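Q: This is the structure I have questions about; it appears just below.
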Amino acid sequence: MAFDPFAQFRMTDHVALITGGAQNIGEAIALTFAGAGAKVMIADLNGEKAEATAKKIASETGQPVLGMKCDVTDDAQIKACVAKTVDAFGGLSTLVNNVGWGEVNPDPLAVTNEQMIASYKLNTLSALRMVEAAAPYLKNAKNPTITNSGSMVGLLPAFDFIAYSSAKAALNHLMTGLAHAFARQIRVNTVVIGTVITEGYASAGLDAKVQEALMNPNNLAGRSGTPQDVANAFLWLASPAGGWVSGQILQVSGGPKKVRLVPGAE
Ligand SMILES: NC(=O)c1ccc[n+]([C@@H]2O[C@H](COP(=O)([O-])OP(=O)(O)OC[C@H]3O[C@@H](n4cnc5c(N)ncnc54)[C@H](O)[C@@H]3O)[C@@H](O)[C@H]2O)c1
Numbered sequence: 025m026a027f028d029p030f031a032q033f034r035m036t037d038h039v040a041l042i043t044g045g046a047q048n049i050g051e052a053i054a055l056t057f058a059g060a061g062a063k064v065m066i067a068d069l070n071g072e073k074a075e076a077t078a079k080k081i082a083s084e085t086g087q088p089v090l091g092m093k094c095d096v097t098d099d100a101q102i103k104a105c106v107a108k109t110v111d112a113f114g115g116l117s118t119l120v121n122n123v124g125w126g127e128v129n130p131d132p133l134a135v136t137n138e139q140m141i142a143s144y145k146l147n148t149l150s151a152l153r154m155v156e157a158a159a160p161y162l163k164n165a166k167n168p169t170i171t172n173s174g175s176m177v178g179l180l181p182a183f184d185f186i187a188y189s190s191a192k193a194a195l196n197h198l199m200t201g202l203a204h205a206f207a208r209q210i211r212v213n214t215v216v217i218g219t220v221i222t223e224g225y226a227s228a229g230l231d232a233k234v235q236e237a238l239m240n241p242n243n244l245a246g247r248s249g250t251p252q253d254v255a256n257a258f259l260w261l262a263s264p265a266g267g268w269v270s271g272q273i274l275q276v277s278g279g280p281k282k283v284r285l286v287p288g289a290e
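So that you can map any letter, position 68 of the sequence shown is 92 in this note's numbering, and since no number is skipped, the others follow by simple counting.
Dropping the structure here:
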C-alpha cells in the first residue's frame, strides 16, 4: 500500500479538551480535531454556545463532541470540567488552552493593578490551573500534548495592549517551563497567533476603521489570518505528526512585518 503521510495527522483515540472553543479560533480547532478523529469537549464561559457549537461539529464530523460551561478563572469549574471530560470519553490526551483576550490600554501608565491581575488570571493562570487538573490524565494517555493560544504581542509587546501583552509573554515562559518539567511525558507547545479578525476586536475597543486596517497587515503573507490557518498548526502540534516537537513557541501570523532598507515602491 502507498505510504500515507496524512495518517500521522489522524487523532483517532485522542480525547481533546479545548477551552474557549465555542467560537472563532477555538471552534476551528475543535472542528479540525474532531474531523481528524478525536473526541472533543468544548469548555467555554458561554455554556449554551459551547453546547450548540459541539452539536454542530458532531453532526459535521460524526464524532462525539460535547460542550459545557466552564469559567477557566475558577478552579472548581476547571476541576469539574476535566472530570466531566474524563467521565464522558474515558480519558484525556490533548489539552488546548485557547481562552484569552484583552482590551486597549492607550496609556500603559494608566493601567490599574486590577486590570493587570485580571489579564494575568485570564491569559496565564487559567492555563496553569487547567494543566494542573489535566496532567494526571494526560500522563496516562498516548501522545499527550498541551498546546496554547499565545499571541504575537507576547513576543513583541503592543504598548497600547500592555496588560494583555505581558500576560501572553508570561504564558510563553510558563509553557516553555512546563515543557521542561514534563520532558518525555507530555509535549507542550504554544502557537503565537497573528491578526485573525473576529468580533472580539470590537469588544477589545478597536473601531471599524482600525479593524479594516488590520485586515491588510504589512506581514509577509500580505493578509490577516483565518481561524482555520491557526487550527492547522494546532493539528500538527497535537497529532502524532508533531511527535518530535516540544517546548516551542511557533509563530502562525502570516510572517513578520515586511522589512526593506531602501525606501521606495513596494
Ligand atoms: N483573534 C486574534 O487575532 C488573536 C490574535 C492573537 C492571539 N489570539 C488568541 O487566540 C485565542 C482565541 O482568540 P479568538 O479571537 O478566537 O477569541 P474569541 O474572543 O473569539 O473567543 C474566545 C472564547 O473564549 C470564551 N471565554 C472567554 N472568557 C472565558 C473564561 N473565563 N472561561 C472560559 N471561556 C472563556 C469566550 O466565551 C469565547 O467563546 C485567545 O487566547 C486570543 O488571545 C487571538
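Just so it is clear, CB atoms sit at the ideal spot from N, CA and C, and this is done for glycine as well. Keep in mind the model is a prediction, meaning the values are calculated, not measured.
#1: I'd like to confirm something about residue 16: is its beta-carbon nearer than 7 Å to some heavy atom of ligand 1, or not?
#2: Look up residue 250 in the DSSP assignment and say whether it is helix, strand or coil.
#3: Which full runs of the beta strand (DSSP E) of 3+ residues lie inside the region 85-170, going along the chain?
#4: Under a three-way DSSP split, which group does residue 266 fall into?
#5: Answer yes or no: do residue 140 and residue 172 have a C-beta to C-beta separation smaller than 8 Å?
#6: Got a sec, what are the start and stop residues for the alpha helix (DSSP H) residue 213 sits in?
#7: May I ask you to report which of helix, strand or coil DSSP gives residue 56?
#8: Suppose contacts are defined by Cβ-Cβ distances below 8 Å. Is residue 44 in contact with residue 123 by that definition?
#9: For the region 247-257 against the region 219-231, are there 3 or more C-beta pairs whose distance is under 8 Å?
#10: If I follow the unbroken alpha helix (DSSP H) through residue 186, where does it start and stop?
#11: At which residues does the beta strand (DSSP E) containing residue 63 begin and terminate?
#12: Would you say residue 262 touches ligand 1, meaning its beta carbon is less than 7 Å from a heavy atom?
#13: Starting from the Cα of residue 191, find the closest Cα among 201, 202, 177 and give me that residue.
#14: Is residue 68 near ligand 1, in the sense that its beta carbon is under 7 Å from a heavy atom of that ligand?
A: Looking at the atomic coordinates:
#1: The requested residue 16 is not part of the displayed model; the chain covers only 25 to 290.
#2: In this structure, residue 250 counts as coil in the three-state DSSP scheme.
#3: Runs found: 89-93, 118-121.
#4: Residue 266 falls in the helix class under three-state DSSP.
#5: No, they are not a contact pair.
#6: Not the alpha helix (DSSP H): residue 213 falls in the beta strand (DSSP E), residues 211-217.
#7: When DSSP states are grouped into helix, strand and coil, residue 56 belongs to the helix group.
#8: Yes, Cβ-Cβ distance for residue 44 and residue 123 is below 8 Å.
#9: In short, these stretches touch, since the Cβ pair count reaches three.
#10: Counting along the chain, the alpha helix (DSSP H) containing residue 186 begins and ends at 186-205.
#11: Boundaries of the beta strand (DSSP E) around residue 63: 63-68.
#12: It does not: the Cβ of residue 262 is nowhere closer than 7 Å to a heavy atom of ligand 1.
#13: Among 201, 202, 177, the Cα nearest to that of residue 191 belongs to 177.
#14: For ligand 1, at least one heavy atom lies less than 7 Å from the Cβ of residue 68.
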